[in-house]
């Protein structure tokens, strides 16, 4: 078993899942909604970058920047037009709205760019290979994934810890009512967290896409894994989600190596087993309702 | 309000003459429908009714007991596969096979209910989702189940061949009557269950599980029971679905189907049987009929093609059906968080109080 | 042996001793009040009795049977009903259904029986009607007729408290635990409640354990009062005795008490 | 200073406030009294415009003026900016933020750094215990400390009017006493007007300059505490000065009704 | 009250009795009139498998061309596409809609084994002409109304392996396949050829059709030390597998299924690796960029009639499956009937349009067993490394 190889590949893919899991968690924590549209929204933004590069010939970084801005606007758009107008919604109602959003954007993307597969290239190529240890290959892409994941997590840490907006976001997450009372525009915080989630989502999606392929469905499976990773991490802390993603990637790769036929479900089965032991994921306390 | 003279009248199936009247009208209409329906519509109705059974069952779990379930396509698959395999491999008569299959599904529901005792919200969502994926995957890997290839349903013989009682239903409309009767029966069962001890216990668990416990409701039993009942419904529906379609493969029971089931229940209205029926009807109709083939509608079609040529692509135009479905879902929840049933209650209230 | 007794009950949460070595006996058909400031562990005792928490040490006996280790629903089946401090009703069900839920342990309808409730003579329907009669009597008793078919979520606070009492009563309990039943009621409702509690004891022969802050009520109806603070016993005695106990005055009543 | 004029608030189809009017004069401590469900908290929430989750704008009728400006259609954060601080019922602190973060977030709407700093000192002056615990997670503190934290947080927005919703809820008499003393201090030393919602009528009457009594969403009495203390109804219903006799007599009446 | 109830109870079985005897009176269906012939096809135009939808649209091109030329014996072809999202129950709905309500004469193509199997019996019962179901699965035999064009997956696996082993001399062969009937059937072919050459298959690794991360599978292939990998999978997975292999420094000779013979597209979605690695594929049509009169004609028509469409292999496949129907319709003449078209199709002999050479008889509606093997050249051009070759091994 090429241990080092599987480790690196598993961790790299896991980091992508973890990043995307962050996108899920950020929204879950502010509005308690599992955003089933996360994948499709990221796909939409990636296609914007793709379109700029392919059809208008813009350089990657410009397109990247534009895609981030677009993603942020898209996130806010969804929050403002689809979630905010829903008054007194039930939790499941909100989930159904996100499913609706997923169908809506999935349809739009397919309509605009058709379902044909495309290639999306980022400056960090998977074709450039390093060999840190003999027989263990590590592509530039994997290096980039690790660096970007580390940078994003560090930035997030500082953002949440030391900035006013970050503190306000945490405050809103913990107690919406009290946040309103201290004068936080909670609506804006919601819109902002959607934008934020969408931006992180598209970053992760671009990394995944550049390694795999670009088509309107390419985030469906990663989304499920990211969601699972977030749940495994406990849906709470930023590092927890990334760790969850890493575990997810490793399980998939090692089990996938040992028994390829069962690869697609091993990670999910393991997660269910973990949840049976720790009902709130690995890194969160299990709260019991008080009477 | 008419006078009640007896406590039983409160729990009667048709608690007023008006309801009875309209139920009879609806039933007559349903039974007469095939006279004017094409085979295509009969198929669509069959599909709708199968979905109604799933939705009614799922609502017992999601709406009444308050558990989220993203793996119902798994039970649906178990029902379909078990029914067909019992009939072909063990030559068990249809009705027996259907019931046994439903119980097998219920058993799996019970199993899935066990982790659900400790999980909630997104954790439960992932657990049920994993169940659905696993079922689909396992079926795809076992030769007995036809593998990826899928299974062909045998002829629908609702008699008992062993006793020489053959009654084969070949036509779409024959199936329609069979499925309609079973759907009505299953719906009545659901209404009754929700009105009696178990149904109340389910609602109690949703509203306050601690209070439910201290009045003597055993959470373990009733939570798993809710899963089992709901899986039973999905199993029955699956068994019928096998014959509606005549052929199925593991991919038919994809996660998307589970999500669609959930959408039906939520759009229809959580916790109400009528709601799940309307939800299933609406969503199935939208998915299979309404938004399909916009390009063949006279004026609108040309407009759509023009729009597509101008800004989008003509090749992707069929995606309009997805967009339409998505928008309808969003619209219903935004304007009526309680689903179609909520809207119905509102209309009824308005009607009763009109013109005040 | 006493009808209902608690012996050396202790539980701690993360080092904090919420209930520390508490014992008391309750005789059949008595009203036994527990008083103490917030956070003194009164509700925890109730939670221990009803099986929501399991004690670190000690025993709970009722009619000679130890209840420790039993799950809440088993405890309920033994005949212990309770109400909650912050109402725990089934908000999306009608008052009727809430009370019928109180009959849960007495009903015999299974899921299949329920499913086949067709016609007046089906076993399920007969069972429903039978228990419905019982519930109607409770509705009569607590004067809930006007709200019978309303959803609990839309009721006024005081009414909801009553529904909770009714639900506990529908269980036909031998012992009833009432956690601050009068909190949030106005004086008129409190007076009614006081009378009903007395009636519950007399008409239904129920032993009542009561947590209350309203001293008027406690002094008016309890046979014995148990005072505690920070998980420890202060004193046990008749209302008059307890009221005068200096430590009780200091820890609970404060200076502001108006007699 | 604050003028509430005939407001009505609806929860969906249920009217919670049936036209409430009252005024608050600058520098006063005003108490809003009443039993549970009378509409006290609803009144405060309506003033803070915390009901825009509901379908329609609330209050549905009537007007609220603060410092001569209408605020009944303003957003909550603007109202905070104008100078109304609100300490909600049940001490809604941010459990996973530290004490210091909890306090400073109270100044979220403010931009003047120096002012915020001096206000922080002021909060620590009133609540020395918070200073000693400033790096602790707020959720781990006791109820009384959380109440102090919530008041401190509200003070950080430098309010002209501070609205306290049941500060004594769930606190021991000694702590209640302490909180009320501090509130009095804030009123006198910082010159903050205070609107106090209380069930503990005794305590509220002792510290307030004027009191309103709510019942079923209506104001039924409005007077100075001295006067209210002597009111027979208030004595009986809210101060608990009821004679044994009346209860017994009532009981007999009920019995009769039941035997009919 | 009771009377009402009794009545109701009686009513239901009565209704059942009355109506269950009534079977939908089948109206006479012809599928055509003097002005038009109605033809249908299903295909995933939206949803997860929408990339396959090009087949159905490709057929539309041919019918549009025919209509442009004035139709067939004065009749225009009216063509319907039903989007089924690759979901058999939707296929069934669409097909019933076409047959029952639109009165369709024939179906061409139709992507997906499961979708095809779901409607097979229905089409057969209704005697609908059906040409070229787009799958090589074996469950479509002995249907007198279905003519197959898609090569058997078994043959495909065999011919690819044969080329790898006998022409290129590889000894270490591994197999990466889509985990379904397609992959399983082709695996039989691979194994049969290897057995004939006294070789063992190093490893056979399944890929789920939805999977997007193939690093563990490719790592495992790498660990076997395979010189050549036979691949049976969809373009997405093939591209990902190749990309992953390159990023792991694993460079075997890839031999893929014919559905990947669109070298332009495959090179595009693999960042040119397809050309760089010289991937080989099977093929049963001429190359899409071939410079033959017919191909040029279609290509020009596509540019004119469907400017949105990419001229790719799936799109061409749509043309391929529609061609025999047009031949047969033309041959039958103005006196159209299902039986006449059937007979015309049964007598197709050694006829080639833009697709494979076809021969059908009354007893044999099987697809041709001949395939080519191509290699993707450095400039994405098609190099034919193995001309038409027939698999002579018996099917298991």
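Residue numbers (the working numbering), protein chains in the order written: chain Z, 150 to 440; chain D, 204 to 559; chain B, 5 to 263; chain C, 130 to 389; chain H, 47 to 442. Every residue, glycine too, gets a C-beta built ideally from N, C-alpha and C.
Rounded separation between residue i and residue j - CA only
i	j	result
residue 130 of chain C	residue 320 of chain C	13 angstroms
residue 330 of chain D	residue 213 of chain H	51 angstroms
residue 210 of chain H	residue 301 of chain H	8 angstroms
residue 338 of chain C	residue 185 of chain Z	55 angstroms
residue 262 of chain D	residue 468 of chain D	6 angstroms
residue 134 of chain H	residue 210 of chain Z	43 angstroms
residue 356 of chain C	residue 159 of chain C	14 angstroms
residue 271 of chain Z	residue 348 of chain D	44 angstroms
residue 72 of chain H	residue 148 of chain H	Low local confidence applies: a pLDDT of 47 at residue 72 of chain H is under 50, so the model's placement there is unreliable, and no value is given.
residue 296 of chain D	residue 355 of chain D	17 angstroms
residue 324 of chain H	residue 427 of chain H	10 angstroms
residue 307 of chain H	residue 265 of chain Z	15 angstroms
residue 284 of chain Z	residue 450 of chain D	48 angstroms
residue 366 of chain H	residue 179 of chain H	11 angstroms
residue 296 of chain C	residue 361 of chain C	26 angstroms
residue 268 of chain Z	residue 271 of chain C	58 angstroms
residue 408 of chain Z	residue 174 of chain H	44 angstroms
Cβ-Cβ separation, residue j to residue i (assumed contact under 8 angstroms), whole Å
i	j	result
residue 327 of chain H	residue 420 of chain H	6 angstroms
residue 84 of chain B	residue 53 of chain B	7 angstroms
residue 77 of chain H	residue 151 of chain H	3 angstroms
residue 202 of chain Z	residue 285 of chain H	Going by Cβ atoms, the distance from residue 202 of chain Z to residue 285 of chain H rounds to 18 angstroms, so no, they are not a contact pair.
residue 543 of chain D	residue 470 of chain D	6 angstroms
Counterpart residues of residue i in DSSP-defined beta bridges
i	result
residue 371 of chain D	D/360
residue 66 of chain B	B/8, B/69
residue 89 of chain H	H/129
residue 326 of chain H	H/301, H/421
residue 451 of chain D	D/354
Proximal chain Z residues relative to residue i, where beta-carbon distance stays under 9 angstroms
i	result
residue 256 of chain H	366, 369, 370, 413
residue 262 of chain H	155, 158, 159, 401, 402, 403, 404, 405, 406, 407, 409, 412
Amino acids of chain H, ordered along the chain, whose beta-carbon sits closer than 8 angstroms to that of residue i
i	result
residue 516 of chain D	354
residue 151 of chain Z	265, 268, 269
Cross-chain neighbours of residue i in chain Z, by beta carbon under 7 angstroms
i	result
residue 210 of chain C	332
Chain-ordered neighbours of residue i on chain H, where CB pairs are closer than 7 angstroms
i	result
residue 183 of chain D	Outside the displayed span of chain D (204 to 559) sits residue 183 of chain D, for which this structure offers no information.
Distance cut-off 6 angstroms: residue i Cβ against heavy atoms of the ligand FAD
i	result
residue 228 of chain C	Of the ligands one can find in the structure shown there are none, so the ligand FAD has no counterpart to examine.
Per-residue contacts from residue i into chain C (C-beta, under 7 angstroms)
i	result
residue 251 of chain Z	Near residue 251 of chain Z there are no residues of chain C at all, since even the closest Cβ is about 25 angstroms away, more than 7 angstroms.
9 angstroms Cβ cut-off: residues of chain C touching residue i
i	result
residue 239 of chain Z	Result: empty, since nearest Cβ-Cβ is about 13 angstroms, beyond 9 angstroms.
CB contact check: residue i to chain F, cutoff 7 angstroms
i	result
residue 249 of chain D	No chain F is present in this structure, whose protein chains are Z, D, B, C and H.
Assess, as a yes-or-no matter, whether the segment 212-223 of chain B is touched by the segment 148-164 of chain B under the definition of 3 or more beta carbon pairs within less than 8 angstroms. no
Decide yes or no for the touch test of the segment 111-118 of chain H against the segment 147-160 of chain H: beta carbon pairs closer than 8 angstroms, at least 3 of them. no
How about the segment 233-250 of chain B and the segment 15-27 of chain B: do they share at least three Cβ pairs that are nearer than 8 angstroms? The answer is yes - the segment 15-27 of chain B touches the segment 233-250 of chain B, with three or more Cβ pairs under 8 angstroms.
Should the segment 444-463 of chain D be regarded as contacting the segment 222-242 of chain D, the criterion being three or more beta carbon pairs within less than 8 angstroms? Too few Cβ pairs lie closer than 8 angstroms, so no.
Three or more C-beta pairs below 8 angstroms linking the segment 408-419 of chain H and the segment 200-207 of chain H: yes
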